[in-house]
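In the working numbering, the protein residues as written are 955 to 1169.
See below for the structure under consideration.
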């Protein structure tokens, strides 16, 4: 989830008040004029005296962000990696359950998990396995989501289930994924871009349920 702030923006001779939103892949402005700045197109970033100035493929734009200017500049210049966005840390137990499209079988993704210090396993758990801290489940059609209740039951109180699904497909939509996670008793807390073709939704055990499991 991104950050937003009310501010003045100046672009192509226009200056207006509106809301600037810094998301994972773009900076947006919504006001009397609208602007989307893909972060991959940003060529320069300067933060000075509370003013954030960008040049990008579409020209130059400035935002009067006050104390937010420097942190936003740093985030644009040093974007989080995919593993940062997914919350992967050294020592975590990570289990992958790939879908038919093979997105979670990607060698580079697996190698990045290992290099980050995660303990990696694959497939559904056996009774002897320790529960995973992070469980990545690939889904390509709505029918795949029938496994979500069983997977949610395998999570420890502080664990998380990431459901990774293709973008822009009629066979499975964000609403289907949200409904499946909520029906399984989980709480959705984050959505992130997994790749050019896939989105990931994060679900966790509700706090009240965690407290009951801990007692």
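Think of the CB as a built atom: it goes at the ideal place given N, C-alpha and C, for glycine as much as any other residue.
Per-residue burial, residue 1035 [other beta carbons within 10 Å of its own, 16 or more giving buried]: Here the question's residue 1035 lines up with position 81 in the chain shown. With fewer than 16 Cβ atoms within 10 Å of its Cβ, residue 1035 is classed as exposed.
Coil, strand or helix - residue 1156 by DSSP: On the chain shown, residue 1156 is found 202 positions in, with the first residue counted as 1. Residue state, collapsed to three classes: strand.
Backbone secondary structure at residue 957 - three-state DSSP: Start at 1 with the first residue of the chain shown, and residue 957 comes out as number 3. Residue 957 falls in the strand class under three-state DSSP.
Closest Cα partner of residue 1120 within the set 1138, 1040, 1100, 1151: Within the chain shown, the letter at position 166 stands for residue 1120. Among 1138, 1040, 1100, 1151, the Cα nearest to that of residue 1120 is on 1151.
Span separating the alpha-carbon of residue 1014 from that of residue 1008: If you number the chain shown from 1, residue 1014 lands on position 60. If you number the chain shown from 1, residue 1008 lands on position 54. Between residue 1014 and residue 1008, the C-alpha separation is close to 6 Å.
Residue 1035, DSSP secondary structure in three states: Taking the first residue of the chain shown as 1, we reach residue 1035 at position 81. In this structure, residue 1035 counts as coil in the three-state DSSP scheme.
Beta strand (DSSP E) segments (min. 3 residues) lying fully within the segment 1031-1102: 1047-1051, 1073-1076, 1088-1092
Endpoints, the alpha helix (DSSP H) within which residue 1132 is located: For the purposes of this step, residue 1132 is taken as residue 178 along the chain shown, with counting starting at 1. First-last of the alpha helix (DSSP H) with residue 1132: 1128-1137.
Anticipated Cβ contact below 8 Å, residue 1016 with residue 995, distance rounded: For this step, residue 1016 is matched to residue 62 along the chain shown. For this step, residue 995 is matched to residue 41 along the chain shown. Wrong, their Cβ atoms sit about 16 Å apart, outside the cutoff.
Sequence-distant residues of the same chain with beta carbon closer than 6 Å to residue 1000, five excluded per side: What you label residue 1000 is simply residue 46 of the chain shown in a count that begins at 1. Result list for residue 1000: 1007, in chain order.
Residue 1143 burial status per 10 Å Cβ neighbour count (16 or more: buried): For the purposes of this step, residue 1143 is taken as the residue at position 189 of the chain shown. Exposed.
Paired residues, beta bridge with residue 1147 - DSSP: Residue 1147 sits at position 193 when you count from the first residue of the chain shown. Bridge partners of residue 1147: 1153.
Helix, strand or coil at residue 995 according to DSSP, with G and I counted as helix: For this step, residue 995 is matched to residue 41 along the chain shown. Reduced to three states, the DSSP call for residue 995 is helix.
Whether residue 1048 touches residue 1072 by CB criterion (7 Å): For the purposes of this step, residue 1048 is taken as the residue at position 94 of the chain shown. For the purposes of this step, residue 1072 is taken as the residue at position 118 of the chain shown. For residue 1048 and residue 1072, yes; Cβs fall inside 7 Å.
Residue of 1069, 985, 1153, 957 minimising C-alpha distance to residue 1029: The sequence position of residue 1029 within the chain shown is 75, counting from 1. Ranking 1069, 985, 1153, 957 by Cα distance to residue 1029 puts 957 first.
Residues near residue 1080 by beta carbon distance below 6 Å, same chain, minus five either side: What you label residue 1080 is simply residue 126 of the chain shown in a count that begins at 1. A caution first: residue 1080 carries a pLDDT of 49, below 50, which makes its placement in the model unreliable, though a value can still be read off. None.
Three-state secondary structure assigned by DSSP to residue 1003: The residue labelled residue 1003 in the question sits at position 49 within the chain shown. Residue state, collapsed to three classes: coil.
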